[in-house]
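Peer 1:
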Amino acid sequence: MTDARALYIEQRVANEAPSPLAAYLLWFFLGMLGAHRFYLGRWGSGLLMLMLFGIGSALSIILIGYLPLAVVGLWWLIDALLIPGMIAEDRAILRWQFSRQTA
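Just so we're aligned, residue 9 is where the sequence shown starts under the numbering used here, counting upward by one.
(1) Flag this pair as yes or no: are the beta carbons of His44 and Ala25 separated by less than 7 Å?
(2) Take Leu56 as the anchor and find which of Ala66, Ser68, Ile69, Leu41 has the nearest alpha-carbon.
(3) Assuming Gly64 contacts Leu77 under a Cβ cut-off of 8 Å, what Cβ separation, rounded to an integer in Å, is found between them?
(4) Rounded to the nearest angstrom, what separates Met94 and Ile69 at their Cα positions?
(5) By a C-beta neighbour count over all protein chains shown, 10 Å radius and 16 as the cutoff for buried, is Leu34 buried or exposed?
(6) Taking only three categories from DSSP, how would you classify Arg50?
(7) Report yes if the CB atom of Phe61 is closer than 7 Å to the CB atom of Gly54, and no otherwise.
(8) Just verifying my parser: in three-state terms, what is the DSSP assignment at Pro26?
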């Protein structure tokens, strides 16, 4: 692979990969709803997080909803550490896809 091709691939990866700033803003403001996971392409876990939050919120009136809310809260905190890895994984996949394309 030539230097020009490698530079082209890195530029495309930088342009098309998810933004860490946007991911952390979504995590901070809408993280309990799983918005950052939707943004990073993790639709299944984002939907699970959204459903747990909805069920926990609905059932918190009768005091059993606090368990799902606690799970979502813990998951939200752990995701702060997982976001860089998710973005790195997305960048690696994009880099691989672009390198497989014909020049």
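Quick reminder that beta carbons are idealized off the backbone N, C-alpha and C, glycines included.
Peer 2: Once the coordinates are examined:
(1) Your numbering for residue 44 matches position 36 in the sequence shown. Your numbering for residue 25 matches position 17 in the sequence shown. In this structure, His44 lies away from Ala25, with their beta-carbon atoms at least 7 Å apart.
(2) Taking the sequence shown and counting its residues from 1, one reaches residue 56 at position 48. The residue with the shortest Cα to Cα distance from Leu56 is Leu41.
(3) On the sequence shown, residue 64 is found 56 positions in, with the first residue counted as 1. On the sequence shown, residue 77 is found 69 positions in, with the first residue counted as 1. Between the beta-carbon of Gly64 and that of Leu77 there is about 4 Å, and that keeps the pair under the 8 Å contact cut.
(4) Position 86 of the sequence shown, counting from 1, holds the residue named residue 94. Position 61 of the sequence shown, counting from 1, holds the residue named residue 69. Spanning the two alpha carbons is a distance of roughly 35 Å.
(5) Mapped onto the sequence shown, residue 34 falls at position 26. Using a 10 angstroms sphere on the CB of Leu34, the tally of other CB atoms reaches 16 or more, which defines it as buried.
(6) Position 42 of the sequence shown, counted from the start, is the residue given in the question as residue 50. Reduced to three states, the DSSP call for Arg50 is coil.
(7) As a first step, residue 61 is located in the sequence shown; it is residue number 53 there, counting from the start. As a first step, residue 54 is located in the sequence shown; it is residue number 46 there, counting from the start. In this structure, Gly54 does not lie closer than 7 Å to Phe61 by Cβ.
(8) As a first step, residue 26 must be located in the sequence shown, where it is residue number 18. Of the three classes helix, strand and coil, the one that applies to Pro26 here is coil, per DSSP.
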